[in-house]
Structure formats: structure tokens, C-alpha cells
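First the structure, in the form of C-alpha cells, and then the observations on it.
In the working numbering, the protein residues as written are 6 to 75.
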């Protein structure tokens, strides 16, 4: 590792779009919140999602167009 960046996880979205962006800034003069920075919450809608854990060699996916299996 030695303090270097490592690509260990990938999330891939198909047919996705941003549906909402909510920006929140804590009150900077409040002593209890002075160390907090801006928070941006992004909501997404998508047809398919794929996860790949590169280090472990595992993956998973979900596609709402795929047929259901029993």
C-alpha cells in the first residue's frame, strides 16, 4: 500500500440520470459544526447497476429489465 491510491472497487450504472441534488452547508459559526464542510447529496435513477470488487475478484449486478428467476 505505502500510502498510494488503489483501485479496489468499481460501480457502473447503465441508463442512469441524476434526479435530485441537495446541497447542505452547516452553519459555520456554530462551534459544534465548524469542522464540517459542504455536503452534496446526489440521487440517481438507473436501469442497471454493476459492482466489482477488484481486490477480491467478486462482482454483483441488478437489471430491472432482466427476467426474474425462481
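Beta carbons are placed, not taken as given, at the ideal position from N, Cα and C, and that holds for glycine.
What residue does the beta strand (DSSP E) around residue i start on, and which one ends it?
i: residue 73; result: Careful: residue 73 lies outside any beta strand (DSSP E) and carries neither H nor E.
Checking 9 Å against the spacing of the C-beta atoms, do residue i and residue j come in under that value?
i: residue 53; j: residue 66; result: yes
i: residue 55; j: residue 22; result: no
i: residue 44; j: residue 29; result: yes
What separation, rounded to the nearest whole angstrom, lies between the Cα atoms of residue i and residue j?
i: residue 14; j: residue 74; result: 27 Å
i: residue 63; j: residue 34; result: 45 Å
i: residue 16; j: residue 61; result: 14 Å
i: residue 42; j: residue 27; result: 14 Å
i: residue 57; j: residue 72; result: 22 Å
i: residue 51; j: residue 12; result: 23 Å
Provide the residue(s) that pair with residue i in DSSP beta bridges, ordered along the chain.
i: residue 65; result: 56
i: residue 27; result: 46
i: residue 14; result: 58
Quick one: does residue i have its CB under 9 Å from some CB of chain D?
i: residue 20; result: No chain D is part of this structure, which consists of one protein chain only.
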